[in-house]
Structure formats: C-alpha cells, structure tokens
Amino acid sequence: MVKPVKKGKGKAVAPELDAEALLASARESLDRLDPSGAAALCRQAVSADASSVLAWDTLAEACLTCGEAEEAGRALHRSIELSPAGAPGRYMYLAQLSDSPAEAVGWFEKGVAGLRAEREALQQASGERSELQAAWAEATCALAVGLCSAAELYLTDLCDEPEAEGRCDALTGEALQLVSDLPAEAVQVVEPFQTRASLKLSQEAYDDAEPLLLRALEVVRRAEEAEEGGGGVEMPSLELRLALAKMLLEVDRHGDALELLQGARVEDDDSAEVRYLLATAALCAGEVDLAREEASGALEWLQSEWAPAEQAEWLPQLREVLAEAE
Numbered sequence: 025m026v027k028p029v030k031k032g033k034g035k036a037v038a039p040e041l042d043a044e045a046l047l048a049s050a051r052e053s054l055d056r057l058d059p060s061g062a063a064a065l066c067r068q069a070v071s072a073d074a075s076s077v078l079a080w081d082t083l084a085e086a087c088l089t090c091g092e093a094e095e096a097g098r099a100l101h102r103s104i105e106l107s108p109a110g111a112p113g114r115y116m117y118l119a120q121l122s123d124s125p126a127e128a129v130g131w132f133e134k135g136v137a138g139l140r141a142e143r144e145a146l147q148q149a150s151g152e153r154s155e156l157q158a159a160w161a162e163a164t165c166a167l168a169v170g171l172c173s174a175a176e177l178y179l180t181d182l183c184d185e186p187e188a189e190g191r192c193d194a195l196t197g198e199a200l201q202l203v204s205d206l207p208a209e210a211v212q213v214v215e216p217f218q219t220r221a222s223l224k225l226s227q228e229a230y231d232d233a234e235p236l237l238l239r240a241l242e243v244v245r246r247a248e249e250a251e252e253g254g255g256g257v258e259m260p261s262l263e264l265r266l267a268l269a270k271m272l273l274e275v276d277r278h279g280d281a282l283e284l285l286q287g288a289r290v291e292d293d294d295s296a297e298v299r300y301l302l303a304t305a306a307l308c309a310g311e312v313d314l315a316r317e318e319a320s321g322a323l324e325w326l327q328s329e330w331a332p333a334e335q336a337e338w339l340p341q342l343r344e345v346l347a348e349a350e
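Take the position in the sequence shown, starting the count at 1, then add 24; the result is the number in our numbering.
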C-alpha cells in the first residue's frame, strides 16, 4: 500500500513569481544599470502574463538600453497591438528603429498625434495649479521634441525629397513656438533650438542660427546649475551637447563651445571625439597651449593598448590639430 505524502514535510517549493513582482525586480535592475538582467526578468514577465502592456514596454526599454534592437522592436509592436492608445513614446522609438525613412515618418506622425492628445487632455484636467503647470510644460516639451525628431529625418535621410525643407521648416517652427510660449525656466530641452538652428545652418543663415544656439546653451547652463545644487533637472545628453558645440563652432562662438566641451571632457575623458572637438575649440579660441596639450594627450592615448580600436578613426584629425598648434 502506498503511503500518502504528508503535507508540510520535506523541502518547500518556491512559487513562481508573478509578472508584477518580476517587473518590480526588472525595474530595480535597470536602476542598477543592469539592462541585461532586467531584460531576462522581463522575458519571464511576458511569459507569465503576455497581455501585460507594462511587461512589453519594460522589455523594450531594457532591450534598447543593452542594444537588442530587434527584440525591442518586437516588444514595442506587441505593446501597441495590445494598447494602440498607450504611451506615444513607443511610436517614437519604433521610428528610430525603422530601416525605412518613409516608415519612420509614419511612426513619428503617430507618436506626435499621441503627444498632442496627451497635452490637450491636460486642458480638461483638475488638480493643484502648480502641478498642472508643471505637467503642461513637460507635455509641451515632449511634443516639441517629438516634432524635432520628425524634422531630423527631413534634414538627413529624406533631405532630397522635394518637400523636405518646407516640412522641416514647419515642424521646427511649431516646436520652437511651443517652447517659446513657456517660461524660460520650464524649458529643459535643447532640441527645438538646435534642430531649428541646424536647418538655418543648412541654409547658410548663420545670423538666424546663432541666437537659437545661445538659447540651447542657456538650457544646458541651467541644467548644470541645477545639478550642482542637487536639483532634479535632467542634463541634455552628451550627444546633444556635442552637436551643440559643433554648431557653436560653425557660428564662431569658440569660447562658448570650449566651455561646453571642457564639461564634456570631465564627463567622458575616454572619447576621442570629445578630445578632438575640445582641441579644435581651444585652437579656434586662441588657447594654443590647451589645444596642443589635448591633441597630444589624445594621440598618446589612442596609440596605447587601452584605446578602443574603433576610435582610431580620430587619429588623422588629431594629428592635423596638433600640427596647427605647433
């Protein structure tokens, strides 16, 4: 006779974690800068609950962070299938992942439509005045950045299209107007100013570009001050700040570009591009000793065993700057 198994004896089997708990752990992994670990947890979460939009969104975020673009795209598509009216940012990410510029425009248009709807919904919202004003400013900036993302396509991949300049002008003009209607301190994004300036530079309208670039620089400086004071203002990305520095050099704002690049150098001193731009800005600003020091130091580092191979492309440019500084 087979004896019945007695309950409560032997090793306890741990219950499977539910999707909510897995996603909480995934968020902690992302906060710890462990996107691969977060992605693994998100995969378990979507297996546990394939109808969870949050699970697919978090999986996409983790995959984008660790460079898994294809899986991120699949996750975003699934999230949109489940909730087409959800977060507009999903459409913006899909636009950036698209191989086809025409397809990217379609995704951007859907994303911008969603951002408009979110902003308009705030007009009917109730609550504390200060909170509503902050939410309005955030939604306005998000819409402006979305418009600029679409405009960038017409400045780059679709620049040969007959209507490219007109579309870019309309998109950047609207983005600029949106942020211009906000108090200066509420504007924490540089894209409306930089994208419009980029268009003006492509048209050789340097006098129009310069004040736009100075407004972008003001945003960066406010973010730097807030960062020093422990404030919660997000600093524009290094990529955006480098683009700003390059355009400042184009309009002969050498001192401003140099100041900006010195900050970038502190943040990322292993970037050959940063060091090349800093040496160039120093040379243009008449800081020859600094230009020589940066160029020679960067060359020495790039020729060492520790330098990443892909950064060797900066060797010729750095040698050229050093030759001019000698």
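The beta-carbon is built from N, C-alpha and C at its ideal position, and this holds for glycine as well.
Nearest candidate by alpha-carbon position, reference glutamate 209, set Gln157, Arg220, Asp232 and Cys66: When each option's Cα is compared against that of glutamate 209, the closest is Gln157.
message: By alpha-carbon positions, which one of Val70, Asp58, Ala126 and Arg56 ends up nearest to leucine 47?
response: Val70
task: Under the assumption that glutamine 218 contacts leucine 264 (Cβ atoms under 8 Å), give the Cβ distance between them as a whole number of angstroms.
output: 7 Å
- prompt: Can you list, in chain order, the stretches of the alpha helix (DSSP H) that have 4 or more residues and sit fully within the stretch 188–268?
  reply: 188–204, 215–226 and 230–252
- prompt: How is phenylalanine 132 classed by DSSP in three states: helix, strand or coil?
  reply: helix
- prompt: Any idea what DSSP makes of threonine 304, helix, strand or coil?
  reply: helix
- prompt: Are alanine 175 and alanine 145 closer than 9 Å when you measure CB to CB?
  reply: no
task: Under 8 Å by Cβ, that's how I've got alanine 315 and leucine 307 pegged, so tell me the actual separation to the nearest angstrom.
output: 4 Å
- prompt: proline 235 to alanine 281, Cα distance in whole Å?
  reply: 14 Å
task: Could you have a look at aspartate 73 and say whether DSSP puts it in helix, strand or coil?
output: coil
task: In the DSSP assignment, find the alpha helix (DSSP H) that holds serine 49 and state where it starts and stops.
output: Per DSSP, serine 49 belongs to the alpha helix (DSSP H) from 43–55.
message: Quick check on the burial criterion: 16 or more other C-beta atoms within 10 angstroms. Buried or exposed for aspartate 231?
response: Aspartate 231 counts as exposed, since fewer than 16 other beta carbons sit within 10 angstroms of its beta carbon.
query: How many Å lie between serine 49 and alanine 62 at the Cα?
result: Annotation: serine 49 to alanine 62 spans about 7 Å, alpha carbon to alpha carbon.
- request: Just mark cysteine 183 as buried or exposed, buried being the case when its beta carbon has 16 or more other beta carbons within 10 Å.
  value: exposed
- prompt: Nearest to alanine 86 by alpha carbon, out of Leu179, Leu223, Ala64 and Pro186?
  reply: The residue with the shortest Cα to Cα distance from alanine 86 is Ala64.
- prompt: Distance, Cα to Cα, glycine 115 vs threonine 180?
  reply: Rather than glycine, the amino acid found at residue 115 in this sequence is tyrosine. Computed Cα separation, rounded: 19 Å.
Leucine 171 burial status per 10 Å Cβ neighbour count (16 or more: buried): Burial call: buried.
task: Would you mind reading off the limits of the alpha helix (DSSP H) that contains alanine 322?
output: 312–326
- prompt: Grouping DSSP H, G and I as helix and E and B as strand, with all else coil, what is glycine 97?
  reply: In the structure shown, glycine 97 sits in a helix (DSSP, three-state: H, G or I).
- request: Just mark serine 154 as buried or exposed, buried being the case when its beta carbon has 16 or more other beta carbons within 10 Å.
  value: By the Cβ-count criterion, serine 154 is exposed, with fewer than 16 other Cβ atoms from all chains shown falling within 10 Å of its own Cβ.
message: What would DSSP say about valine 169, mapped onto helix, strand or coil?
response: helix
field: Closest Cα partner of leucine 273 within the set Pro260, Gly253 and Ser222
entry: Of all alpha-carbon atoms in Pro260, Gly253 and Ser222, the one lying nearest the alpha-carbon of leucine 273 is that of Ser222.
task: Buried or exposed for valine 332, please, with buried defined as at least 16 other CB atoms from any protein chain shown within 10 angstroms of its CB.
output: The amino acid at residue 332 is misidentified as valine; the sequence shows proline. Under this definition proline 332 is an exposed residue.
field: Residue from Trp330, Ala349 and Tyr300 whose Cα sits closest to the Cα of proline 340
entry: Tyr300
- request: May I ask you to report which of helix, strand or coil DSSP gives glycine 113?
  value: helix
message: Short of 8 Å in beta carbon distance, which residues of its chain neighbour glutamate 355, apart from the five on each side in sequence? Order them along the chain.
response: This structure cannot settle anything about residue 355, because the visible part of the chain is limited to 25 through 350.
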